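Residues in the sequence shown are numbered from 2 upward in steps of one, following my numbering.
Quick notes on the structure that follows.
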Amino acid sequence: MLYRILTLFVCTMLLMSSSIHAEDNTRLMVAWLENNSVMVWHTGDAAPTPYTAADNIVGNTRQLLISSDGQYVAVNVVSPGSLWLATPTDANLIEFVPNQAIHTPDDPKYLRIGTLQRGMVNTFYFNTYDQPSHYSFQHDDLWMADTAARTFKQLLPSQQGGYFSVSPDGQHIVIIQSGEYGKKDGTISLVDKAGQNRLDILSFPAVSTASDYNFYPQPNWEPDSSGLTIAIPDKDLIYHDDSALTTLWHFGVDGSHTQLGTVQASFFGLPQWSPSGRNLVYLRHKGDITTNLFELVDGFDIYATGSAGSLGIAQWLPNNDQDQFIYPQGEPGDYWLGTPTQIAMPLSKNMYNPRFVDSTTYVYTTTAGDAFELRYAKLGETESTLIATVHSAVPIFDALLTP
2 MLYRILTLFV CTMLLMSSSI HAEDNTRLMV AWLENNSVMV WHTGDAAPTP
52 YTAADNIVGN TRQLLISSDG QYVAVNVVSP GSLWLATPTD ANLIEFVPNQ
102 AIHTPDDPKY LRIGTLQRGM VNTFYFNTYD QPSHYSFQHD DLWMADTAAR
152 TFKQLLPSQQ GGYFSVSPDG QHIVIIQSGE YGKKDGTISL VDKAGQNRLD
202 ILSFPAVSTA SDYNFYPQPN WEPDSSGLTI AIPDKDLIYH DDSALTTLWH
252 FGVDGSHTQL GTVQASFFGL PQWSPSGRNL VYLRHKGDIT TNLFELVDGF
302 DIYATGSAGS LGIAQWLPNN DQDQFIYPQG EPGDYWLGTP TQIAMPLSKN
352 MYNPRFVDST TYVYTTTAGD AFELRYAKLG ETESTLIATV HSAVPIFDAL
402 LTP
């Protein structure tokens with residue numbers, strides 16, 4: 002009996018030690034654009050590491066994205082559309098996906114990289130579009146880039162891809178095509194991580210945006226990657242924002258689909274599921290549409306009320322057991338922390354573009370004179386930590402917990 006107790010004690014201590022070391026080996030990584038460099042910083046660094054950028058990248062970057070393993074930073078350059086990398090072995094950014102290497106039916110100078118998402122470890126996925134003027138033409142394609150191997154390839158050609166989202170386990174990709182309002186239905190399909198084994202799941206009437214851009218319903222993956230939920234609005238919701246209904250769907254990776262019901266949501270605040278899938282938040286009009294008043298609805302309960310411009314869209318916190326969310330309300334930069342069935346609590350003032358990297362840690366920018374400060378903080382703590390001062394009209398950054 003004593004031997005068993007000692008064995009159990011040792012095993013317990015080893016598990017605790019393993020858990021502690023795993024936590025110690027995870028650190029916050031932040032990348033941002035400053036002057037002519039991409040800056041990379043980790044918790045514990047005395048100073049950020051700069052990666053010098055080519056002249057055409059300065060003021061011409063749309064997005065920074067850190068790879069899942071934290072080894073690379075992808076830089077989405079707008080004109081001409083191309084992908085650059087900050088790598089562990091190069092002092093300067095390297096051109097990874099050149100503009101001329103991406104197939105386009107139009108002049109290459111109009112080509113842009115659209116959606117850029119992390120895959121597993123060191124891979125990225127992206128699609129492309131042309132923008133010859135203020136309007137754009139979606140190619141509805143799909144590409145995969147392997148940063149370690151320095152290779153990229155087209156997985157789905159034009160008109161066979163679309164807006165996409167990669168599952169948490171990196172094994173599945175949902176493909177959404179918008180269709181054309183009044184002419185062609187939109188579609189929702191699933192492919193594997195190589196763009197193969199396509200399952201066409203659902204067709205839906207193309208949704209009007211009353212503008213030149215296409216509408217793509219936003220998917221919400223379940224944590225175990227077994228399925229996803231999507232809210233698809235009435236095709237004319239933009240014209241009947243206070244009355245037309247939005248349909249809620251669940252899709253399994255086996256191709257199954259189930260209608261979950263309908264809600265009356267605003268086109269400008271469509272339903273979003275919590276990471277657990279237990280709760281739902283959305284905006285809807287309050288009273289007469291001419292008053293421009295909105296309600297933030299948590300499930301079926303009214304959580305907050307405000308006018309357009311003072312009440313914004315909620316953002317669920319990742320991996321949060323309480324299904325907490327934040328939302329803007331009041332003056333620009335004012336955020337509140339919401340928990341289902343509980344009263345909202347003020348989170349922060351003068352906070353912009355908050356990014357939660359886990360259930361409690363978030364990175365954000367705040368104004369500081371004629372510049373911005375990049376900071377991180379934790380829920381429940383009154384103090385934040387300065388990462389850097391950023392001299393940019395609109396700070397561009399990404400943040401991630403990495404091994």
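Glycine included, each C-beta is placed from N, C-alpha and C at the ideal position.
Given the structure is predicted, the values throughout are model-derived calculations rather than measurements.
From the DSSP output, in three-state form, read off residue i for me.
| i | result |
| --- | --- |
| Pro109 | helix |
| Ile58 | coil |
| Ile239 | helix |
| Ala389 | strand |
| Ala102 | helix |
| Ile290 | helix |
| Leu401 | strand |
| Ala47 | coil |
| Leu200 | strand |
| Asp147 | strand |
| Asp193 | strand |
| Val395 | coil |
| Ile314 | coil |
| Ala23 | Below a pLDDT of 50, predicted positions are generally treated as unreliable, and Ala23, at 37, falls in that range; the measurement from the model is reported next regardless. Looking at Ala23 - three-state DSSP - the assignment turns out to be helix. |
| Glu223 | coil |
| Lys184 | coil |
Taking 7 Å as the cut-off, is the C-beta of residue i nearer than that to any heavy atom in the ligand NAD?
| i | result |
| --- | --- |
| Phe398 | This structure does not include the ligand NAD; it has no bound ligands of any sort. |
Quick one: give me the first and last residue of the beta strand (DSSP E) that residue i is part of.
| i | result |
| --- | --- |
| Pro276 | Segment: none, Pro276 is in no beta strand (DSSP E) and carries neither H nor E. |
| Gly307 | Asp302 to Ser308 |
| His286 | Leu281 to His286 |
| Met383 | Note that residue 383 is Thr in the sequence shown, not Met. Premise fails: Thr383 is in no beta strand (DSSP E) and is neither H nor E. |
| Arg28 | Arg28 to Glu35 |
| Pro355 | Tyr353 to Phe357 |
| Met121 | Note, Met121: premise wrong, no beta strand (DSSP E); not H, not E. |
| Lys154 | Thr152 to Leu157 |
| Asn77 | Val74 to Val78 |
| Val264 | His258 to Val264 |
| Thr88 | Here Thr88 belongs to no beta strand (DSSP E), and DSSP marks it neither H nor E. |
| His251 | Thr247 to Gly253 |
| Val175 | His173 to Gln178 |
| Leu348 | Met346 to Ser349 |
| Pro329 | Phe326 to Pro329 |
| Ser69 | Note, Ser69: premise wrong, no beta strand (DSSP E); not H, not E. |
| Gly228 | Gly228 to Pro234 |
| Phe165 | Tyr164 to Val167 |
| Gly339 | Tyr336 to Gly339 |
How long is the line joining the alpha carbons of residue i and residue j, rounded to whole angstroms?
| i | j | result |
| --- | --- | --- |
| Ile344 | Thr361 | 18 Å |
| Tyr136 | Ala55 | 27 Å |
| Glu384 | Arg376 | 10 Å |
| Arg356 | Leu29 | 12 Å |
| Leu271 | Ser244 | 13 Å |
| Gly381 | Lys185 | 49 Å |
| Ala23 | Asp359 | Note that Ala23 has pLDDT 37, beneath the 50 cutoff, so the model's placement of it is unreliable and the number below is only indicative. If I take the Cα positions, the gap works out to 15 Å. |
| Gly339 | Met352 | 16 Å |
| Ser393 | Ile67 | 20 Å |
| Pro234 | Thr27 | 40 Å |
| Leu200 | Phe398 | 35 Å |
| Tyr336 | Ser69 | 28 Å |
| Ala369 | Val39 | 21 Å |
| Gln101 | Pro404 | 34 Å |
| Phe138 | Thr342 | 44 Å |
| Trp274 | Gly307 | 21 Å |
| Pro333 | Ser349 | 11 Å |
Which residue wins for smallest C-alpha separation from residue i, given the options the options?
| i | options | result |
| --- | --- | --- |
| Tyr363 | Met346, Ile388 and Phe373 | Ile388 |
| Phe269 | Ala400, Ala315, Asp299 and Gly278 | Ala315 |
| Asn354 | Pro347, Tyr365 and Leu348 | Tyr365 |
| Tyr378 | Lys154, Val391 and Ala400 | This sequence places Ala at residue 378; Tyr is not what is there. Cα-wise, what sits closest to Ala378 is Ala400. |
| Ile95 | Pro81, Val76 and Gln101 | Val76 |
| Leu143 | Ser134, Gln118 and Gln132 | Gln118 |
| Ser159 | Phe252, Thr129 and Thr188 | Thr129 |
| Gly60 | Leu34, Pro404 and Met40 | Leu34 |
| Val405 | Gln219, Phe138, Val78 and Arg279 | Summary: the structure shown does not reach residue 405, with the chain confined to residues 2 through 404, and so no result is reported for it. |
| Pro206 | Gln64, Ala232 and Leu66 | Ala232 |
| Met346 | Gly334, Glu332, Ile327 and Pro333 | Ile327 |
| Asp324 | Gly278, Ile114, Leu348 and Glu296 | Gly278 |
| Asn215 | Glu223, Tyr182, Trp222 and Leu312 | Tyr182 |
| Leu402 | Leu249, Pro99, Trp42 and Gly82 | Trp42 |
| Asn321 | Gln330, Pro276 and Pro396 | Pro276 |
| Gly253 | Ala309, Gly262, Ser190 and Ser212 | Ser190 |
| Gln132 | Met145, Ala146 and Ile114 | Ile114 |
| Leu294 | Ser311, Ala146 and Val282 | Ser311 |
| Ser83 | Ser134, Ser267, Thr247 and Lys110 | Lys110 |
> Would you call the segment 237–249 and the segment 189–200 touching, i.e. three or more CB-CB distances under 8 Å?
Replying inline: With the cut-off at 8 Å, the segment 237–249 and the segment 189–200 do not touch.
>> Check whether the segment 166–183 and the segment 147–154 touch, using three or more Cβ-Cβ pairs below 8 Å as the test.
In response: no
> Three or more C-beta pairs closer than 8 Å, one from the segment 298–311 and one from the segment 273–289: is that the case here?
Replying inline: Taking a cut-off of 8 Å for Cβ pairs, the segment 298–311 and the segment 273–289 touch, as three or more such pairs fall below it.
>> Does the structure place the segment 225–232 close enough to the segment 248–260 that three or more beta carbon pairs sit under 8 Å?
In response: yes
>> With three or more C-beta pairs closer than 8 Å as the rule, is the segment 88–95 touching the segment 117–129?
In response: no
> Are the segment 99–108 and the segment 45–59 touching, with three or more C-beta to C-beta distances below 8 Å?
Replying inline: Contact between the segment 99–108 and the segment 45–59 is absent, because fewer than three Cβ pairs lie under 8 Å.
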